[in-house]
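Trainee: Take this structure first; my questions come after.
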Amino acid sequence: GILETSRGLGNHGDKVIKKSVINSPYVWTYEIDPSLECIILATEGLWQVLQNDVVVDIVTQALPSHHLPIPSRVETALRSVLEKYGKTTHTPYFTHEDEVLNCMNELLYLIEENADV
Numbered sequence: 008g009i010l011e012t013s014r015g016l017g018n019h020g021d022k023v024i025k026k027s028v029i030n031s032p033y034v035w036t037y038e039i040d041p042s043l044e045c046i047i048l049a050t051e052g053l054w055q056v057l058q059n060d061v062v063v064d065i066v067t068q069a070l071p072s073h074h075l076p077i078p079s080r081v082e083t084a085l086r087s088v089l090e091k092y093g094k095t096t097h098t099p100y101f102t103h104e105d106e107v108l109n110c111m112n113e114l115l116y117l118i119e120e121n122a123d124v
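Next comes the structure, spelled out in structure tokens:
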């Protein structure tokens, strides 16, 4: 949407965008300490489709503490996202033709193909 783009790129005096839309990003500062297991950086599209606790559950499955090899961790996370995605209502961000969905399916294919080698 135009609102998100304007925050990302700035409105640069565009007369079409309302004056109440800010053109600077929201910024948060957090202290990172050794106990931090991961940081989740995601698009607004992910947050529109999956709730915070679902994303945390998916990422937690893929953490090194589960003692899975890296390809298995990636596969576990991808399968979980695809499973949850299939149960969600589609939004303008995720559709069946979505490139992100296609990319996830392609990654799974590559993981499975390499597992057979």
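For the sequence shown, my numbering gives the first residue as 8, with consecutive numbering after it. For every residue, glycine included, the Cβ atom is placed at its ideal position computed from N, Cα and C. The structure displayed is predicted, hence computed values, not measured ones.
1. When we look at the beta-carbon of Ala49 and count the other beta-carbons within 10 Å, is it buried (16 or more) or exposed?
2. Would Val81 and Met111 qualify as a contact pair, given that the criterion is a beta-carbon distance under 8 Å?
3. Once you ignore the five residues that flank Leu115 on each side, which residues in its own chain have a CB closer than 6 Å to its CB?
4. Grouping DSSP H, G and I as helix and E and B as strand, with all else coil, what is Ala122?
5. Given this structure, state the Cα-to-Cα distance separating Pro41 from Gln55, to the nearest angstrom.
6. Measure the alpha-carbon distance for Tyr90 versus Val66 and round it to whole angstroms.
7. Leaving out five residues before and five after Glu44 in sequence, what residues of the same chain have Cβ atoms less than 6 Å from its Cβ?
8. Between Val62 and Ile47, is the Cβ-Cβ spacing less than 8 Å?
9. Can you tell me whether Leu70 is helix, strand or coil according to DSSP?
10. Keeping to the same chain, check which residues put their C-beta closer than 7 Å to that of Leu3; ignore five residues upstream and five downstream.
Mentor: Taking the coordinates as given:
1. Along the sequence shown, read from residue 1 onward, the residue named residue 49 stands at position 42. The residue in question, Ala49, is exposed, as its Cβ has fewer than 16 Cβ neighbours within 10 Å.
2. As a working note, residue 81 is residue 74 in the sequence shown. As a working note, residue 111 is residue 104 in the sequence shown. The answer is no: Cβ separation not under 8 Å.
3. By one-based count along the sequence shown, residue 115 stands at place 108. Same-chain partners within the cutoff: Leu85.
4. By 1-based counting over the sequence shown, the position of residue 122 is 115. Reduced to three states, the DSSP call for Ala122 is helix.
5. Position 34 of the sequence shown, counted from the first residue, corresponds to residue 41. Position 48 of the sequence shown, counted from the first residue, corresponds to residue 55. Rounded to whole angstroms, Pro41 to Gln55 spans 30 Å at the Cα level.
6. Sequence index remark: in the sequence shown, residue 90 carries index 83 (1-based). Sequence index remark: in the sequence shown, residue 66 carries index 59 (1-based). Sequence inspection shows Glu at residue 90; the Tyr mentioned does not correspond to that position. Between Glu90 and Val66, the C-alpha separation is close to 14 Å.
7. The count along the sequence shown starts at 1 and reaches residue 44 at position 37. Around Glu44: Leu70.
8. Taking the first residue of the sequence shown as position 1, residue 62 is located at position 55. Taking the first residue of the sequence shown as position 1, residue 47 is located at position 40. In contact: Val62 and Ile47 (Cβ atoms closer than 8 Å).
9. Counting from one through the sequence shown, the residue named residue 70 turns up at place 63. Looking at Leu70 - three-state DSSP - the assignment turns out to be coil, as it is neither helix nor strand.
10. The requested residue 3 does not occur in the structure, where the chain is confined to residues 8 to 124.
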